[in-house]
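Trainee: Here's a structure for you.
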Amino acid sequence: MTKKILYISGISVLALAATAARAQTGVVAGEEIVVTGSNIRGVAPTGAPLLTIGTEDILQSGKASVSEYLRDLPQNFQGGVESDQLSVGVSRIGNNGANVSAGQGLNLRGLGPLSTLTLVNGRRMPGSGQYAEFVDISNIPLAVIERVEVVTDGASAIYGSDAVGGVVNFILKKRFTDPVTTLRYGEATQGGGRLTQFSQTLGTTWDTGDISVAYEFSKQTRIRAEDRDFTYGANFESVGGINWRRLNNRFGVQANITGAAAGATANPTYIIPPNQNGVGLTAADLLPAAGNPFSTNDPYDEVDLSPRQERHSVYVAWNQDVGNASLHADFRYTRRRGHAYLGYTSLGLQGAAVRDTNPYFITNPTNLPGLYATRAFRPGLPVENLINVNYLVTEKVLESDYAVDSYGASLVADIPLFSDWQAEVSFTYGAEDQSRRSDALRNGANNFDQILMGGNLVQAPNSLDCAVMGVPSTYAGTDPTKQFCAALGYVPFNPFTSIANNSPEAVSQVIGFQTLSFLSQVWQGMAKADGTLFEIPGGAVKLAGGIDIRHEKISGNLLYNTASIDTEYVKYNTHSRTVGALYGEVLVPLVGADNAMPFVQELDLSFALRHEKYFDYTSTTNPKASFRWKPAGDLTLRGTWGTSFHAPGLRDRDTGPAPVGGGNAISMSDRGYSVPCGNTVVEQNVTGAPGTNCTVTTLVVVGGNPDLRPEKAETFSFGFEYQPSFVPGLRLEANYFDVKIKDRIRIISGGDVPVYLADAVTNPNSIFADLFVFDPSPELVASLMADPRYSGQVTSIFRTPDEVAMVAYATYRNFGALKERGLDMRVDYQIPTERLGTFQLAANATKLFSYKLQSAPGAAYQSLLNVYQGALANPVSFRTQGRLSWQGEHLGLSATVNYIGAYRNMTVYAMNPAGTAAVLQPGETRRIDDWTTVDLQASYAFKADSGFLSGLVATLSAVNVFDKDPPFVDGGAPNRARPDAYDANNASGRGRFVSFQLTKRF
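For what it's worth, my numbering labels the leading residue of the sequence shown as 950, then goes sequentially.
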């Protein structure tokens, strides 16, 4: 560790383990509870560390929600799912758009949100997002949380799938003894993010039971990127980076002519002069693009760093004694709505270039070079003049409305059996009903309309094609594409002027909408019993066993016009699965108070086993063995070994059509993939010179894979807890962990395919060979082209089925492995005094020693610790949080330090000498600075004899009190229109946030 890390650690070793002592607030006296990590009542996990976070800990931090608090938890490495990753950074689930309702997920150990099991009262929640790939904790109201328990160890032997990195269990309050009203107001001092919060709890009791009701309201305004200086308007030159806006957004209000190729990153050759209406332009009116004097667009204009949202939550809890048994039922409902601004968009009119049929076409009497791209639009048709343009829509901000309705209900019966044995039977239901309506460009392939071309059916032009083609309805030519467009009666779109000079009808032809709706549900029934088997000299041997049955389901639909002329409706496959499990756990106290010996005062062994059957395809069995050994009164050693697994997600094995980003599709390409010319493994379209590449006509299959297997993990941990008798109130903990995961589930991306293809055609023993089918049979090609996922051809020349030389499967695969080692450290020191109140010093830190990823079976492991790779969001090596607090009779003060260590950007670009392109600098890295923030809080509890003020607590909080900006990243790339100015996986762009809260107990 560096001196700086040690210094920060020293400060941090001042605060957080007080959580365990305070966390039991609200637990009914004498009630024997089940603690996360064990199925045996009253027993903490034998060998695994347990972090308990009480409501007071969250309130004392100044955070407004439990999701905000857990974001800073050192064990929750970022790269999960973040509600504010709408524009910078993307979620680790692989597709930023998959976070339909701007939810928040957890990511223990940095293994991904799919490897963290999230529970409510020990029971599963439904998945969120387009693929149900994370659990949205932002729907859990803070007012009803009693505590949060975190087990940072593999726990599939206890809970089944997903508990690879650990388990986070939200324990909700069973009853509210007194009415409590809470009001909170806060705001970011740099602007935006205004928070208004209100909660009310009520309850009543009778001789044999009680009922409690809680309501919480939260409203937050947007935070605009342009209100934060650290985005630099995408011009990073002042901090040693690139002026990305010069390259990626070289647009004025009008179109930029880009010559032979168009796209978001194309350099313009000519610029339309400003302050004109784009009518009657000629080549003589154009300005040279050298220097691009009108490149004034800030890609962060009207982009939200954090969206506007409003939440209503209701919670009801009921308890009833029935003889010796007791019943508990609860119901949760959250209604959350939000609105996000996504910025201005650019129309890269590649393939939809302006043609001379458009009345606004620019004539070229001066024959300026590069103004026209002349080519035949389809084989066999005359050559025509095209103008490729980039066009920035500056008066239309793309927006998105999202909504989620979250439900949860459970009924639990606790039934005494005999002796100390007790049975628990429970039924749980949860649902996430989520939707998002977004503006989007209508430039997707037209998947629904076909035209006859050269005796073959081919895809018809899309709406953007026809809008800029500008073919009048009276056109009677022989080109089928123009005939198709002419029949629509479209209003010609003029890209040579601002959108304000186009009619609303013309704008609707290029900007459409996409509405996604998904319903994710889970039903779970559990029955278990636990109690004492028999006594041995060390104590009571306890056993727990039970059965768990759950049914998971996700359904959805899409309403859109972005890849069609007319509005289309697509119903996704409803995917469901039923899972049954049998499990058992035994605790054996070999040595206790009655048979203690030197160096072995206590020794407990624990064994757990769970068999889980997925009735649609597989089963798995996972054991876990643990020990707790107290060699002396002050020192306890502990350790665990076990296996865990993560089953494929509900959508991962689905092969139904899903025509959105990251979905399931099949397409034909004759130019997307290439191999060395003359290669005999696969047929090439053109025989080229030695050393060159030739293209291969390919059917590309993208998306789900029914043959996926579960990810499998082996976990090992060893640690200690030390409470020195000569320093009362001090507790030290450390825990080493080692995780190995094989059969990792990952999607083969478009960027992977060329690399794997090159190996498959040159290496007879290639490990990538099963990703490709060379010289596919006519039956295979026919079946894929008849598949509902088939979306047509992305080709320069129309290809017939017999010309398909290869099928490439860019689908989800059990590909590669991961190894991780690290150390958790916690310190807690409580100092009560007679006159000065109670001081508390605590710290929680995680240090990763290694994080190595194997990208494919047989490949070498690559160290990705402290490596920034944008969407991949690899973990940093060191995170810590520390708190110093003091509580007097009425006044309380606390200070919290959050620290994230430095890491490196491995993809560094520099401007070429001509200033026209960004060039990757091989071997060069850029430091991303460490980030330290400080949170302060002061609270005052009025005296009991203060009249109406009795029971009132006033709290003033400042999060990031020194207003520390997130570290600069320079996360740009040539193919991205908006570069990352900071890493949203590890830092927040909100800045200083000040809030005031009143809590009244009646």
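All residues carry an ideal CB built from backbone N, CA and C; glycine is no exception.
What's the gap between the Cα of residue 1753 and the Cα of residue 1623?
Mentor: About 13 Å.
Trainee: Within the continuous beta strand (DSSP E) that includes residue 1906, where are the two ends?
Mentor: It spans 1901–1908 - the beta strand (DSSP E) in which residue 1906 sits, taken as one unbroken run.
Trainee: Let me know if residue 1880 comes out buried or exposed under the rule of 16 or more other beta-carbons within 10 Å of its beta-carbon.
Mentor: With 16 or more Cβ atoms within 10 Å of its Cβ, residue 1880 is classed as buried.
Trainee: Buried or exposed: residue 1283, going by 16 or more other Cβ atoms within 10 Å of its Cβ?
Mentor: Buried, by the Cβ-count rule.
Trainee: Grab me the residues of residue 1643's own chain with a C-beta within less than 7 Å of its C-beta, minus the 5 sequence neighbours each way, in chain order.
Mentor: Once the five neighbours on either side are set aside, the close Cβ partners of residue 1643 are 1623, 1624, 1626, 1633, 1634, 1635, 1636 and 1637.
Trainee: Considering just the uninterrupted stretch of the beta strand (DSSP E) at residue 1146, what are its terminal residues?
Mentor: First-last of the beta strand (DSSP E) with residue 1146: 1144–1155.
Trainee: Residue 1605 bridges to which residues according to DSSP?
Mentor: The partner list for residue 1605 (beta bridge, DSSP) is empty, contrary to what the question assumes.
Trainee: Report yes if the C-beta distance between residue 1273 and residue 1158 is below 7 Å; otherwise report no.
Mentor: Going by C-beta atoms, residue 1273 is not nearer than 7 Å to residue 1158.
Trainee: Using the three-state DSSP reduction, which class does residue 1737 fall into: helix, strand or coil?
Mentor: Note: residue 1737 maps to coil in three-state DSSP.
Trainee: So is residue 1876 buried or exposed if we call it buried at 16+ other beta carbons inside 10 Å?
Mentor: It is exposed - the Cβ of residue 1876 has fewer than 16 other Cβ atoms within 10 Å.
Trainee: Return the bridge partner residues of residue 1074 from the DSSP annotation.
Mentor: Answer is none; residue 1074 lacks a bridge partner.
Trainee: If contacts are defined as beta-carbon pairs under 8 Å, then residue 1501 and residue 1585 qualify, I think. What distance do you get, rounded to the angstrom?
Mentor: Contact doesn't hold; Cβ gap of about 39 Å is too wide.
Trainee: Let me make sure I understand the geometry here. Which of 1595, 1386 and 1360 has the alpha-carbon closest to that of residue 1290?
Mentor: Looking at the Cα atoms, 1386 is the closest of the given residues.
Trainee: In the DSSP assignment, the beta strand (DSSP E) including residue 1475 goes from what residue to what residue?
Mentor: Its beta strand (DSSP E) spans residues 1460–1485.
Trainee: Keeping to the same chain, check which residues put their C-beta closer than 7 Å to that of residue 1025; ignore five residues upstream and five downstream.
Mentor: The answer, listed in chain order, is 1019, 1055, 1056 and 1057.
Trainee: Just reading off the beta strand (DSSP E) that residue 1455 is part of, what are its end residues?
Mentor: From DSSP, residue 1455 is part of no beta strand (DSSP E) but of the alpha helix (DSSP H) over 1453–1457.
Trainee: Per the contact definition of three or more C-beta pairs closer than 8 Å, is the segment 1418–1428 in contact with the segment 1006–1020?
Mentor: Taking 8 Å as the limit for Cβ pairs, the verdict is that the segment 1418–1428 does not touch the segment 1006–1020.
Trainee: Taking 7 Å as the threshold (C-beta atoms), are residue 1264 and residue 1238 in contact?
Mentor: No, these two residues do not count as a Cβ contact at 7 Å.
Trainee: Taking the C-alpha atoms as reference points, what is the distance between residue 1941 and residue 1096?
Mentor: Going from the Cα of residue 1941 to the Cα of residue 1096 covers about 27 Å.
Trainee: Check whether the segment 1640–1660 touches the segment 1754–1772, counting contact only when three or more Cβ pairs, one atom from each stretch, lie closer than 8 Å.
Mentor: Contact holds: three or more Cβ-Cβ distances are below 8 Å.
Trainee: According to DSSP, residue 1503 sits in a beta bridge with which residue or residues?
Mentor: BP columns for residue 1503 point to 1469 and 1524.
Trainee: Applying the criterion that 16 or more other CB atoms from any shown protein chain within 10 Å of the CB defines a buried residue, is residue 1303 buried or exposed?
Mentor: Counting Cβ neighbours within 10 Å, residue 1303 comes out buried, since at least 16 surround it.
Trainee: Take every Cβ of the segment 1406–1422, pair it with every Cβ of the segment 1736–1750, and state whether three or more of those distances are shorter than 8 Å.
Mentor: Yes: the two stretches touch, three or more of their Cβ pairs being nearer than 8 Å.
Trainee: What is the residue span of the alpha helix (DSSP H) that residue 1796 lies within?
Mentor: Segment 1787–1803 is the beta strand (DSSP E) holding residue 1796; no alpha helix (DSSP H) there.
Trainee: By Cβ distance below 6 Å, which residues in the same chain neighbour residue 1692 in space, the five residues on each side in sequence not counted?
Mentor: The answer, listed in chain order, is 1658, 1660, 1661 and 1763.
Trainee: Could you tell me the distance, in whole angstroms, from the CA atom of residue 1437 to the CA atom of residue 1499?
Mentor: If I take the Cα positions, the gap works out to 51 Å.
Trainee: Kindly indicate the opening and closing residues of the beta strand (DSSP E) around residue 1625.
Mentor: Where residue 1625 is concerned, the enclosing beta strand (DSSP E) stretches over 1614–1625.
Trainee: Can you have a look at residue 1165 and say buried or exposed, based on whether 16 or more other CB atoms are within 10 angstroms of its CB?
Mentor: Counting Cβ neighbours within 10 Å, residue 1165 comes out buried, since at least 16 surround it.
Trainee: Comparing alpha-carbon positions, which option in 1814, 1793, 1047 and 1259 lies nearest residue 1959?
Mentor: Not covered by the structure: residue 1959. The range shown for the chain is 950 to 1951.
Trainee: I'd like to know whether the C-beta atoms of residue 1132 and residue 1947 end up nearer to each other than 7 Å.
Mentor: It is a contact, given that the beta carbons lie within the stated cut-off.
Trainee: For residue 1750, name the three-state secondary structure that DSSP assigns.
Mentor: In this structure, residue 1750 counts as helix in the three-state DSSP scheme.
Trainee: I want to see whether chain C comes within less than 7 Å of residue 1683, judged by CB atoms only; does it?
Mentor: In summary, chain C is missing from the structure at hand, where a single protein chain is found.
Trainee: According to DSSP, residue 1936 sits in a beta bridge with which residue or residues?
Mentor: Paired residues: none, contrary to the question.
Trainee: To the nearest angstrom, report how far apart residue 1731 and residue 1869 are at their CA atoms.
Mentor: Using only the alpha carbons, I get a separation of about 42 Å.
Trainee: Note down, in chain order, each residue of its chain lying with its Cβ closer than 7 Å to the Cβ of residue 972, except the 5 sequence neighbours on either side.
Mentor: Because the pLDDT of residue 972 is 34, which lies under 50, any placement of that residue in the model is unreliable, and the question is left without a value.
Trainee: Which first and last residues belong to the alpha helix (DSSP H) in which residue 1009 is found?
Mentor: Residues 1004–1010.
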